[in-house]
Amino acid sequence: FPRYQIGESMVSGMAPLMEELGLVAELDARFQHKSGITLRWGKDPEPWRSDFSAAFSSTGSHFTHAWHVTRSEFDELLLDNARSLGAKVHEAAQVTEVLKDESGRTTGVVYTQGGETHRATARFVVDASGQGRLLTRRLTQTSWQEDLRNVAVWSYFDSYTPLDHKDDILVEAIEGGGWYWYIH
């Protein structure tokens, strides 16, 4: 950490969790606010909008926005926050074995770090490896849904002009299939 990943616009439902983790002030200071999402979808060329503050207020929440984060910074912020809350963090470690009890429940891992082998057990084992799916790959057989084997291509644009709400995410369907996701 940090390592590069394509940026991420957080869904608005993440705001209460970020508050529970004590990260809202840091997110507000470091990352771009997203006030809603504008969509241009289907046969109707007229865009429609979902305002995050309206969605939040309908649930009794005080939030008005979500954030567009720089993934490398956000991931490091989460890791540092977990460490400050007492999590034991091992970086530059390689999991070599998944441990299970007699009932088949995952109870820990064996990992190498700095040339030494270690064993870690816990009541709950969380796979936070993202798309790497470390535990999933070791514990289950992956079967692909052929009609969902999608491809994503991304790039940065200098000349993007937002619609009416400059802090919105814009999602637009492409004729013939697919969609664009613009973040200003």
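Count along the sequence shown starting at 1, add 5, and that's the number in this note's numbering. Glycine is no exception: its CB is placed at the ideal position from the N, C-alpha and C atoms.
For residue i, which residues of its own chain have a beta-carbon under 7 angstroms away from its beta-carbon, when the five flanking residues on both sides are left out?
i	result
residue 26	86
residue 168	43, 52, 175
Along the chain, where does the beta strand (DSSP E) that runs through residue i open and close?
i	result
residue 148	It is not in any beta strand (DSSP E) - residue 148 carries neither H nor E in the DSSP assignment.
residue 108	Careful: residue 108 lies outside any beta strand (DSSP E) and carries neither H nor E.
residue 51	Looking at the DSSP string, residue 51 is not in any beta strand (DSSP E), and its letter there is neither H nor E.
Since residue i sits in a beta bridge, which residues does DSSP pair it with?
i	result
residue 37	73
residue 84	For residue 84, which the question treats as bridged, DSSP gives no partner whatsoever.
residue 67	Looking at the DSSP assignment, residue 67 forms no beta bridge with any residue, so it has no partner.
residue 118	98, 121
residue 46	Looking at the DSSP assignment, residue 46 forms no beta bridge with any residue, so it has no partner.
Roughly how many angstroms separate the alpha carbons of residue i and residue j, rounded to a whole number?
i	j	result
residue 172	residue 45	16 angstroms
residue 29	residue 137	28 angstroms
residue 125	residue 163	47 angstroms
residue 67	residue 58	8 angstroms
residue 115	residue 84	21 angstroms
residue 140	residue 40	36 angstroms
Could you give the first and the last residue of the continuous alpha helix (DSSP H) run that contains residue i?
i	result
residue 96	Residue 96 -> no alpha helix (DSSP H), and no H or E assigned at all.
residue 25	20–25
Excluding the five sequence neighbours on either side, which residues of its own chain have a C-beta within less than 8 angstroms of the C-beta of residue i, listed in chain order?
i	result
residue 61	17, 20, 67, 68, 69
What is the C-beta distance between residue i and residue j, in whole angstroms, given that I count them as a contact (C-beta under 8 angstroms)?
i	j	result
residue 103	residue 143	5 angstroms
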